[in-house]
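Below you'll find the structure, written out as structure tokens, and then a few comments.
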Amino acid sequence: ERYGQDTDGGIKIRIALTQSDIADLVGASRKRVNQAMVFFKEQGLATADADGRIVIQDKAGLAGFCD
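Under our numbering, the residues of the sequence shown are numbered 350 to 416, in order.
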């Protein structure tokens with residue numbers, strides 16, 4: 350909510366982060382972040398737009414992975 354902007358496609362994260370940036374932030378490899386993003390996209394949870402910004406499509410579904 351703090352960094353997102355509501356759009357027709359979901360909540361767009363305004364901060365542009367590469368998969369390498371995310372990997373560094375969470376202590377994972379870029380490959381693992383890529384695998385997670387592919388999974389999230391397949392599940393309709395989150396994707397990246399043409400600018401590389403993350404778009405959260407299912408906030409509640411994505412939050413389920415935080416438990």
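Just so you know, even glycine gets a beta-carbon here, dropped at the ideal spot from N, CA and C.
Counting C-beta atoms within 10 angstroms of its own C-beta, Leu374 has fewer than 16 neighbours from the protein chains shown and is therefore classed as exposed. Of the candidates Ser378, Val382, Lys390, Lys390 places its Cα closest to the Cα of Gly358. Each residue's CA atom was taken as its position, placing Tyr352 and Gln384 some 23 Å apart. Taking each of Cys415, Asp370, Asp407 in turn and checking the Cα distance to Val382, the smallest one comes out for Asp370.
Of all alpha-carbon atoms in Gly413, Ala377, Gly401, Phe388, the one lying nearest the alpha-carbon of Thr367 is that of Gly401. The criterion of a C-beta distance shorter than 8 Å is not satisfied by Ala372 and Arg363. Around the beta carbon of Ala395, a 10 Å sphere encloses 16 or more other beta carbons of the protein chains shown; the residue is thus reported as buried.
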